[in-house]
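The opening residue of the sequence shown carries number -12 in my numbering; numbering runs sequentially from there. In this text, a Cβ means the ideal position worked out from N, Cα and C, and glycines have one as well. Step one of this worksheet: look at the structure below.
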Amino acid sequence: MRCYRLYLHLQKKMVILDRKIVHNVQTRCSHIIYTEFNLPFHRHSEYELILFTSGSGTEFVGEGVADYKKGDVALIGSNIPHLHLCKSRMGNSQETEAMEHSTSETIQFSPDMFPPDILNLPDYEHIADLLSKSQYGIRFYDEGLYEDLLSRLSLFDSQSYTRRLIALYEILERLYNCSQTKLLSPIAFSHYKAPNTDTAIDKVFTYLYNNFQKKIVLAELADFASQNPTSLCRYFKKCTNKSIFQVLANIRIEYACKLLTHSNLTVNEVAFNSGYNTPTLFYEQFLREIHLTPNEYRQHINAEKISNHMNITIGSTQDSTHSK
């Protein structure tokens, strides 16, 4: 449990990027095709239906973690933090370079599309129940679902707004009737504080999350935020109680923990993928932040996985014994 608490501790410390989805005129529902996964840990007010059309990797939804592959379907609720790590972008080996990049088709739709008292309307009972469960993130496994939804989405952009709205309701009804589903997060995610809405501070976080795997040059960051470097550092520290480079270290270490937990990369490869040019600095910052070395952290995580698996196996055996 110690490692799980460390993982949660990191999640609570990190700042989640708030995204503003800009829909087309006169619509609150957008069909988007993503040709690569490069967004940091983020959230938005829209619900998001995702069809993974190629590639594979790891999906983080709230406090849940699951692998994804081509053909998977997921629904993520409003304001639920999420992140997708594509396997082909983890490391620089020939094996990862040969992997297929992750792509997806998504529908992002606003909560404003539904009646404000939807929970009290019998005609919307099924949809209200589905949207409520989406606060955990939902994965759907019914045979033929992916192909059915992909076919529906192929017509989506050519339809009028009214037809699009009807199509969305039909898709949600289809999802509600799925018999094979799994919740992705153990808890519904609603306890995160809203990030700082100050423009300069928000720009710093946006820049760091989008560039933490590269060398961060203060002058370039300050230029992005339209600030003087010295003034920006002073103001950022006043607002966050941390320096810009302390926050950068937190972001990099948090990402490194995900790679140590959910990939087979070597520690040096993890360091490189997390933005460190020298393993020595990575080891120093990791130890200072986590109070474990990267190898110790991975050993604890693996030991915990084995322990949890044994507990599940023993529990299943006991249940089977009692039922005889």
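Per DSSP, cross-strand counterpart(s) of residue i
i, result
"THR45", "ASP54, LEU72"
"VAL60", "LEU38, PHE127"
"LYS169", "ARG126"
"ILE238", "The partner list for ILE238 (beta bridge, DSSP) is empty, contrary to what the question assumes."
"TYR21", "SER91"
"PHE96", "CYS16, TYR34"
Through-space distance from residue j to residue i, alpha-carbon basis
i, j, result
"PHE232", "CYS226", "14 Å"
"GLN95", "THR267", "42 Å"
"HIS69", "PRO102", "26 Å"
"GLN305", "GLU291", "Because the pLDDT at GLN305 is just 48, under 50, the model does not fix this residue reliably, and the value given afterwards should be weighed accordingly. The alpha-carbon atoms of GLN305 and GLU291 are separated by roughly 21 Å."
"TYR194", "LEU208", "7 Å"
"HIS287", "SER230", "30 Å"
"SER213", "PRO27", "22 Å"
"SER250", "LYS74", "9 Å"
"LEU219", "ALA187", "8 Å"
"THR248", "ASN25", "20 Å"
"VAL234", "ILE203", "12 Å"
"SER89", "GLU256", "20 Å"
"TYR270", "ASN289", "19 Å"
"GLY42", "TYR21", "12 Å"
"SER121", "ASN107", "18 Å"
"GLU23", "GLU276", "31 Å"
"LEU(-7)", "VAL52", "For LEU(-7), the predicted model reports a pLDDT of 41, less than 50, meaning its position is unreliable; a value from the coordinates is still stated below. Their backbone Cα atoms lie some 15 Å apart in a straight line."
"SER252", "ALA258", "The question names Ser, but residue 252 in the sequence shown is Leu. Approximately 10 Å, taken between the alpha carbons."
"ILE153", "PHE143", "10 Å"
"ASN183", "ARG151", "At ASN183 the pLDDT is 42, less than 50, meaning the model places this residue with poor confidence and gives no usable figure here."
"ASP210", "TYR128", "47 Å"
"GLU283", "LEU205", "33 Å"
"VAL48", "ARG30", "10 Å"
"LEU246", "SER32", "27 Å"
"THR265", "HIS278", "19 Å"
"PRO109", "GLU157", "17 Å"
"TYR179", "GLU46", "Note on TYR179: pLDDT 43, under 50, position unreliable in the model; no value is reported."
"THR149", "ARG285", "51 Å"
"ALA175", "GLU130", "27 Å"
Pick from the options that is closest to residue i, judged by C-alpha positions
i, options, result
"LEU132", "ASP59, CYS16, TYR284", "ASP59"
"TYR260", "LEU279, ILE240, ILE277", "Residue identity check: residue 260 is Asn in the sequence provided, not Tyr. Nearest C-alpha to ASN260: ILE240."
"ASN237", "ASP210, HIS249, ASN264, LEU274", "LEU274"
"THR168", "GLY124, ILE203, GLN146", "GLY124"
"TYR242", "LYS224, ILE67, TYR263, TYR222", "TYR263"
"GLN146", "LEU252, HIS18, GLU276", "HIS18"
"ILE67", "MET100, ILE105, SER119", "SER119"
"TYR55", "GLU87, TYR34, HIS287", "GLU87"
"ARG221", "LEU247, VAL191, HIS249", "VAL191"
"LYS57", "MET100, GLU134, ASP99", "GLU134"
"SER141", "GLU112, THR93, TYR128, ALA175", "THR93"
"ASP189", "LEU205, PHE223, GLU157", "PHE223"
"MET100", "SER65, TYR128, ALA206", "SER65"
Check whether residue i and residue j have beta carbons under 7 Å apart
i, j, result
"PRO281", "VAL254", "yes"
"ARG126", "LEU171", "yes"
"THR40", "SER91", "yes"
"LEU155", "CYS244", "no"
"GLY44", "LEU72", "yes"
"GLU35", "PRO173", "no"
"LEU136", "LEU38", "yes"
"LEU159", "ILE114", "yes"
C-beta neighbour in chain B for residue i, strict 7 Å
i, result
"GLU87", "Absent from the structure is chain B; it holds one protein chain and no more."
- At least three beta-carbon pairs within less than 8 Å, the stretch 161 to 171 to the stretch 190 to 199: no
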